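Residue numbers (the numbering used here): 13 to 382. Positions of the beta carbon are idealized from the N, C-alpha and C atoms, including for glycine. The model shown is predicted, which means the values in this text are computed figures rather than measured ones. What follows is a single structure, written as structure tokens, with notes after it.
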Ligand SMILES: Nc1ncnc2c1ncn2[C@@H]1O[C@H](COP(=O)(O)OP(=O)(O)O)[C@@H](O)[C@H]1O
Ligand SMILES: [Mg+2]
């Protein structure tokens, strides 16, 4: 549909661009994910995976490939704040609805009838407060009535909805799931546990209880895929390179970190320096993101940090507890510790393995001294 990516399955990523719109062809995981999201075979599709594994990229490329009209809301920026208000969400929606109506003026006719929507000139204004505020269900309905084929509604980093004040989107999602055939919802989540908890598919009290959703999970690249990925990108830059194992051993297989490495290496062509820069960037980002996690948990801040330092190289429950009590100088109850670990797991900072609790990717471990 006029988009530069339309018609091409994958755009080779040559590390010149650090934008999200590039995927490298032979990476089966990404290709499968792409097909999957593109199929939109269930009313709700979940795109899951650690941060920087390529969820947003897969979604954006799928959308451009599909050529269907879409609304794309990214909640990532609300993560830092620790909460989003209904107003924040509506402001984002307004921008997206206006992007759609400027392309499809016909949509304005349907929106005119929606409460909380004011049509003026070629655009709309959405009301977020008062009795006549716009509801997400009514927007879904208008989109459904308007769409000829399907219309895609994407919420990127959707687990942040858990912190949204003043509105609950679950009933609208359930309503759409059950009744609106042409609305297809895609929800992405880096914090998988939180997203599941929020949606409550297994919780009889949740509006979305029992709804079968499609799921795709993007995993970090394996050693082989990481090599393929770097080889392709660097060869496009005309750069010779052989030390793939060194890179994988140092930074692991998260596509986003590999992309930084490729970019830095392409600039300086110095392995040590490129690794150092990648690590500095990555650890900085991870620590910043952990600060966002702590923002709403400041009372337990030191405890969380003590736990992460212990888990940096994997640790068993009893070790974590000992370290925590040593740093506290006091007893910590089982239920407290279990609560901390659950929250860290829900937000994908750590995972439980047969070696105990471990960082969910190697650089998270490094950021805490591992
Ligand atoms: N399969 C892939 N091929 C090439 N680059 C990728 C791939 N997956 C992710 N990337 C790159 O990694 C970075 C992070 O991807 P992004 O889509 O933002 O991840 P997420 O949304 O999961 O946090 C981006 O710069 C993107 O270009
Ligand atoms: Mg993303």
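Cβ pair residue i, residue j closer than 7 angstroms
{"i": "residue 323", "j": "residue 369", "result": "yes"}
{"i": "residue 195", "j": "residue 152", "result": "yes"}
{"i": "residue 359", "j": "residue 203", "result": "yes"}
{"i": "residue 177", "j": "residue 95", "result": "yes"}
{"i": "residue 60", "j": "residue 373", "result": "no"}
{"i": "residue 415", "j": "residue 278", "result": "Beyond the ends of the chain as shown, which are 13 and 382, falls residue 415; an answer cannot be given."}
{"i": "residue 245", "j": "residue 201", "result": "no"}
{"i": "residue 74", "j": "residue 116", "result": "no"}
Residue from the options with nearest C-alpha to residue i
{"i": "residue 76", "options": "58, 50 and 98", "result": "50"}
{"i": "residue 239", "options": "193, 255, 157 and 272", "result": "255"}
{"i": "residue 156", "options": "241, 130, 197 and 74", "result": "197"}
{"i": "residue 379", "options": "315, 331, 97 and 291", "result": "291"}
{"i": "residue 119", "options": "142, 346 and 160", "result": "160"}
{"i": "residue 80", "options": "185, 112 and 64", "result": "112"}
{"i": "residue 304", "options": "65, 43, 88 and 74", "result": "88"}
{"i": "residue 236", "options": "260, 251 and 213", "result": "260"}
{"i": "residue 41", "options": "233, 356, 283 and 298", "result": "233"}
Any non-hydrogen atom of ligand 2 within 6 angstroms of residue i CB
{"i": "residue 89", "result": "no"}
{"i": "residue 68", "result": "yes"}
Proximity test, residue i beta-carbon vs ligand 1 heavy atom, cut-off 6 angstroms
{"i": "residue 267", "result": "yes"}
{"i": "residue 57", "result": "no"}
{"i": "residue 65", "result": "yes"}
{"i": "residue 379", "result": "no"}
{"i": "residue 271", "result": "yes"}
{"i": "residue 338", "result": "no"}
{"i": "residue 42", "result": "yes"}
Coil, strand or helix - residue i by DSSP
{"i": "residue 148", "result": "helix"}
{"i": "residue 379", "result": "helix"}
{"i": "residue 225", "result": "coil"}
{"i": "residue 255", "result": "coil"}
{"i": "residue 213", "result": "coil"}
{"i": "residue 335", "result": "helix"}
{"i": "residue 114", "result": "helix"}
{"i": "residue 8", "result": "Here the chain has residues from 13 to 382 only, and residue 8 is not among them."}
Hey, is the segment 342–356 in contact with the segment 126–135, meaning 3+ C-beta pairs nearer than 8 angstroms?
no
Are at least three pairs of beta-carbons, each pair with one atom in the segment 53–72 and one in the segment 195–214, less than 8 angstroms apart?
yes
Check whether the segment 175–189 touches the segment 103–117, counting contact only when three or more Cβ pairs, one atom from each stretch, lie closer than 8 angstroms.
no
Taking one C-beta from the segment 166–177 and one from the segment 134–144 each time, how about it: are there three or more such pairs within less than 8 angstroms?
no
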